[in-house]
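Peer 1: Numbering (my numbering), first residue to last: 35 to 549.
Dropping the structure here:
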């Protein structure tokens with residue numbers, strides 16, 4: 035069943051004659067403006083905070099109507115909600131609204147000298163997107179392909195799609211980006227998991243999940259889903275895909291036909307590329323690597339986080355032959371299998387999967403220990419921007435051992451289930467950010483015995499210093515002060531990365547002689 039587009043899809047005039055309004059002039063919006071230069075009749079930029087925008091974001095209905103009346107197309111940055119006056123007016127008037135992703139797809143054939151458009155391998159999901167897409171890029175590079183991790187991970191897709199130096203794109207897509215995406219047809223797409231998030235933007239869990247599922251629409255080769263998450267499989271079943279495209283599951287158990295999974299400590303593929311001389315093609319399983327190839331991603335290995343394994347809330351995955359240091363958290367194995375499935379859909383050989391996983395280096399702010407002071411560990415998991423991710427992080431620790439630093443933008447979420455399921459892990463909580471009240475309420479209802487300190491938002495430059503000081507006063511030797519906010523960062527920080535850096539800097543100030 036094909037998803038209905040949000041509003042009109044095609045412009046009333048050819049794109050080269052279109053008058054385009056670009057909503058938002060951040061990194062994405064500026065990339066859109068650059069890509070449209072010389073390709074359309076005119077570009078009008080709209081932003082409430084950029085001094086060089088052509089128009090300040092209008093609130094007056096007459097000003098909004100005038101903008102829409104003179105537009106053939108609106109390209110919306112991911113932060114713009116569909117209910118914003120400009121986008122709502124465009125949709126009402128039948129003016130197409132595209133995401134930057136949709137524009138990139140439409141322009142991809144314009145790249146010079148690249149031998150045709152580069153195919154897209156796309157990843158979405160509530161958690162794990164960035165890790166998976168960076169793993170995928172590492173695998174593709176190991177196969178000798180020219181690639182980059184692009185999209186929501188950093189580099190705007192509209193830039194990468196026009197780059198003739200790239201053979202294939204490893205694309206991270208958010209639900210915001212997918213909402214106004216209408217004609218994209220990825221070579222293969224994956225939804226890693228679906229948990230309620232961004233409900234303030236989407237309006238309901240169902241709408242959020244449906245936008246995630248847009249990554250599967252028109253998929254050419256494979257739709258990769260998580261066998262442990264029924265919602266991802268449901269999205270595959272509902273998608274309208276190209277003839278011959280297959281559903282490919284990944285599992286932490288032994289895979290059935292058409293799946294990737296784990297047999298003892300070996301990552302295996304039963305979905306793609308059985309060789310012609312295989313004795314039994316139906317039972318053939320290609321070996322893609324072992325847990326030892328992921329050992330450097332285990333907690334405490336080679337400078338990564340030294341928190342206990344199992345940071346996704348499950349027991350660590352380890353084979354009989356794997357050393358204790360190589361016990362790999364289940365979510366890391368799942369991400370590796372999803373990345374491998376997408377790479378295999380593109381025809382990457384098994385050896386390149388192994389080599390790419392071996393050489394993959396994870397980004398920061400993912401369960402990363404940043405200090406040990408007076409016997410207390412300080413761990414930065416600022417990337418845990420929703421309840422699903424924070425629950426995974428808290429589950430890694432022994433009962434009663436965590437001083438939890440939480441808060442930020444709640445995005446319409448509630449935290450009762452999170453607190454009820456993880457209250458036993460807490461010694462205390464320190465609440466930061468604009469939306470501290472939903473956290474405080476959940477703690478009062480489900481963990482009333484837990485001490486809670488609220489840090490007044492005050493000066494952004496000092497909030498983490500004050501939060502760390504409060505957490506230090508509550509912690510005991512052997513405890514962990516864990517920044518796993520369960521909220522977005524943009525109330526006080528530019529990004530989750532800046533929030534994590536502020537936390538680490540505040541911890542470092544506790545160490546004499548280190549500033």
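Each residue gets a CB set at the ideal place from its N, CA and C atoms; glycine is no exception. Quick caveat: nothing in here was measured; it's all calculated off a predicted structure.
Let me check one thing: in DSSP terms, what residues is residue 301 bridge-paired to?
Peer 2: As a working mapping, residue 301 is identified with position 267 in the chain shown. BP columns for residue 301 point to 296 and 323.
Peer 1: So, for residue 339: in the same chain, excluding its five sequence neighbours on each side, which residues have a beta-carbon less than 7 Å away from its beta-carbon?
Peer 2: Sequence index remark: in the chain shown, residue 339 carries index 305 (1-based). With a pLDDT of only 40 at residue 339, under the threshold of 50, the placement of this residue in the model should not be trusted; the figure read from the coordinates follows. Result list for residue 339: 333, 401, 402, 403 and 413, in chain order.
Peer 1: What would DSSP say about residue 537, mapped onto helix, strand or coil?
Peer 2: In the chain shown, the residue the question calls residue 537 occupies position 503. Of the three classes helix, strand and coil, the one that applies to residue 537 here is helix, per DSSP.
Peer 1: Do residue 70 and residue 258 have their CB atoms nearer than 8 Å?
Peer 2: Taking the chain shown and counting its residues from 1, one reaches residue 70 at position 36. Taking the chain shown and counting its residues from 1, one reaches residue 258 at position 224. Not closer than 8 Å, so no.
Peer 1: Beta carbon of residue 255, beta carbon of residue 221: below 8 Å?
Peer 2: Taking the chain shown and counting its residues from 1, the one referred to as residue 255 is at position 221. Taking the chain shown and counting its residues from 1, the one referred to as residue 221 is at position 187. Yes, the pair counts as a contact, with Cβ atoms nearer than the cut-off.
Peer 1: Helix or strand or just coil, what does DSSP make of residue 479?
Peer 2: As a first step, residue 479 is located in the chain shown; it is residue number 445 there, counting from the start. In this structure, residue 479 counts as helix in the three-state DSSP scheme.
Peer 1: For the structure I just gave you, are there three or more beta carbon pairs, one from the region 241-250 and one from the region 261-280, closer than 8 Å?
Peer 2: The region 241-250, when compared against the region 261-280, does touch it at the 8 Å Cβ threshold.
Peer 1: In three-state DSSP terms, what is residue 407?
Peer 2: Stepping through the chain shown from its first residue, residue 407 is reached at position 373. Strand, per DSSP.
Peer 1: Taking only the alpha-carbon atoms, compute the straight-line gap between residue 461 and residue 530 and give it to the nearest angstrom.
Peer 2: Here residue 461 is taken as the residue at index 427 of the chain shown, counted from 1. Here residue 530 is taken as the residue at index 496 of the chain shown, counted from 1. Cα to Cα, the separation comes out at about 24 Å.
Peer 1: For a quick check, are the C-beta atoms of residue 418 and residue 447 less than 8 Å apart?
Peer 2: Taking the first residue of the chain shown as 1, we reach residue 418 at position 384. Taking the first residue of the chain shown as 1, we reach residue 447 at position 413. No, these two residues do not count as a Cβ contact at 8 Å.
Peer 1: Does the separation of the CB atoms of residue 111 and residue 58 fall below 8 Å?
Peer 2: By one-based count along the chain shown, residue 111 stands at place 77. By one-based count along the chain shown, residue 58 stands at place 24. Yes, the pair counts as a contact, with Cβ atoms nearer than the cut-off.
Peer 1: For residue 50 and residue 76, I'd like the C-alpha separation in whole angstroms.
Peer 2: Mapped onto the chain shown, residue 50 falls at position 16. Mapped onto the chain shown, residue 76 falls at position 42. Whole-angstrom Cα-Cα distance: 9 Å.
Peer 1: Should residue 200 and residue 156 be called a contact, given that it needs their Cβ atoms to be closer than 8 Å?
Peer 2: Numbered from 1 along the chain shown, position 166 holds the residue referred to as residue 200. Numbered from 1 along the chain shown, position 122 holds the residue referred to as residue 156. No, they are not a contact pair.
Peer 1: Where DSSP assigns a beta bridge to residue 414, which residues make up the other side?
Peer 2: One-based indexing of the chain shown puts residue 414 at position 380. Answer is 402 and 517, bridged to residue 414.
Peer 1: Compute the Euclidean distance between the alpha carbons of residue 301 and residue 253, then round it to the nearest angstrom.
Peer 2: Here the question's residue 301 lines up with position 267 in the chain shown. Here the question's residue 253 lines up with position 219 in the chain shown. So the two alpha carbons sit approximately 25 Å from each other.
Peer 1: Give me, in chain order, the residues of the same chain whose beta-carbon lies closer than 6 Å to that of residue 431; leave out the 5 immediate sequence neighbours on both sides.
Peer 2: Counting from 1 along the chain shown, the entry for residue 431 is found at position 397. Cβ within range, chain order: 459 and 514.
Peer 1: Can you pull the DSSP bridge partners for residue 250?
Peer 2: For the purposes of this step, residue 250 is taken as the residue at position 216 of the chain shown. Residue 250 is not bridged to any residue.
Peer 1: Taking the C-alpha atoms as reference points, what is the distance between residue 102 and residue 192?
Peer 2: As a working note, residue 102 is residue 68 in the chain shown. As a working note, residue 192 is residue 158 in the chain shown. Straight-line Cα distance between these residues: approximately 23 Å.
Peer 1: Check whether the Cβ atoms of residue 40 and residue 116 lie closer than 8 Å to each other.
Peer 2: Counting from 1 along the chain shown, the entry for residue 40 is found at position 6. Counting from 1 along the chain shown, the entry for residue 116 is found at position 82. Yes. Within cutoff.
Peer 1: Out of curiosity, what's the CA-to-CA distance linking residue 78 and residue 56?
Peer 2: As a working mapping, residue 78 is identified with position 44 in the chain shown. As a working mapping, residue 56 is identified with position 22 in the chain shown. Cα-Cα distance, rounded: 6 Å.
Peer 1: Please state whether DSSP places residue 61 in a helix, a strand or coil.
Peer 2: Position 27 of the chain shown, counted from the start, is the residue given in the question as residue 61. Helix.
Peer 1: Quick one: residues in its chain with C-beta nearer than 8 Å to the C-beta of residue 73, no 5 flanking neighbours on either side, listed in chain order?
Peer 2: Translated into the one-based positions of the chain shown, residue 73 becomes position 39. Cβ within range, chain order: 49, 50, 141 and 144.
Peer 1: Within the chosen definition, does the region 486-497 reach the region 379-398 through at least 3 CB pairs nearer than 8 Å?
Peer 2: Output reads no: the region 379-398 does not touch the region 486-497.
Peer 1: Could you check where the alpha helix (DSSP H) with residue 126 kicks off and where it finishes?
Peer 2: Sequence index remark: in the chain shown, residue 126 carries index 92 (1-based). Its alpha helix (DSSP H) spans residues 119-127.
Peer 1: Which residue or residues does DSSP assign as beta-bridge partners of residue 466?
Peer 2: Taking the chain shown and counting its residues from 1, one reaches residue 466 at position 432. DSSP lists 441 as partners of residue 466.
Peer 1: Can you give me the C-alpha to C-alpha distance between residue 384 and residue 151, rounded to a whole angstrom?
Peer 2: Along the chain shown, one-based indexing puts residue 384 at 350. Along the chain shown, one-based indexing puts residue 151 at 117. One C-alpha to the other measures close to 25 Å.
Peer 1: Between the C-alpha atoms of residue 539 and residue 54, what's the straight-line distance to the nearest angstrom?
Peer 2: Walking along the chain shown from the start, residue 539 turns up at place 505. Walking along the chain shown from the start, residue 54 turns up at place 20. Residue 539 and residue 54: Cα-Cα distance of roughly 43 Å.
Peer 1: When the Cα atoms are used, what is the spatial distance from residue 238 to residue 183?
Peer 2: To locate residue 238, count along the chain shown from 1; it is residue 204. To locate residue 183, count along the chain shown from 1; it is residue 149. If you take the alpha carbons of residue 238 and residue 183, they lie about 30 Å apart.
Peer 1: Could you have a look at residue 134 and say whether DSSP puts it in helix, strand or coil?
Peer 2: Counting from 1 along the chain shown, the entry for residue 134 is found at position 100. Three-state DSSP puts residue 134 in a helix.
Peer 1: Can you tell me which of 95, 106, 63 and 96 puts its alpha carbon nearest to the alpha carbon of residue 88?
Peer 2: The sequence position of residue 88 within the chain shown is 54, counting from 1. Selected option, being the one with the closest Cα: 63.
Peer 1: Can you tell me which of 61, 46, 94 and 166 puts its alpha carbon nearest to the alpha carbon of residue 390?
Peer 2: The residue you call residue 390 lines up with position 356 of the chain shown. Nearest option by C-alpha distance: 166.
Peer 1: Out of 519, 97 and 281, state which residue places its alpha-carbon closest to the alpha-carbon of residue 424.
Peer 2: Numbered from its first residue, the chain shown carries residue 424 at position 390. Per the Cα distances, 519.
Peer 1: Look at the alpha carbon of residue 175 and the alpha carbon of residue 471, and state the distance between them as a whole number of angstroms.
Peer 2: Within the chain shown, the letter at position 141 stands for residue 175. Within the chain shown, the letter at position 437 stands for residue 471. The alpha-carbon atoms of residue 175 and residue 471 are separated by roughly 46 Å.
Peer 1: Between the alpha carbons of residue 322 and residue 378, how many angstroms are there, rounded?
Peer 2: In the chain shown, the residue the question calls residue 322 occupies position 288. In the chain shown, the residue the question calls residue 378 occupies position 344. Cα to Cα, the separation comes out at about 10 Å.
Peer 1: Using DSSP with H/G/I as helix, E/B as strand and the rest coil, what is residue 283?
Peer 2: Here residue 283 refers to the residue found at position 249 when the chain shown is read from its first residue. Reduced to three states, the DSSP call for residue 283 is strand.
Peer 1: Below 8 Å on the Cβ atoms is my contact criterion, and I expect residue 108 with residue 122 to pass it. Report the Cβ-Cβ distance as a whole number of Å.
Peer 2: Walking along the chain shown from the start, residue 108 turns up at place 74. Walking along the chain shown from the start, residue 122 turns up at place 88. With a Cβ gap of about 11 Å, residue 108 and residue 122 do not count as contacting.
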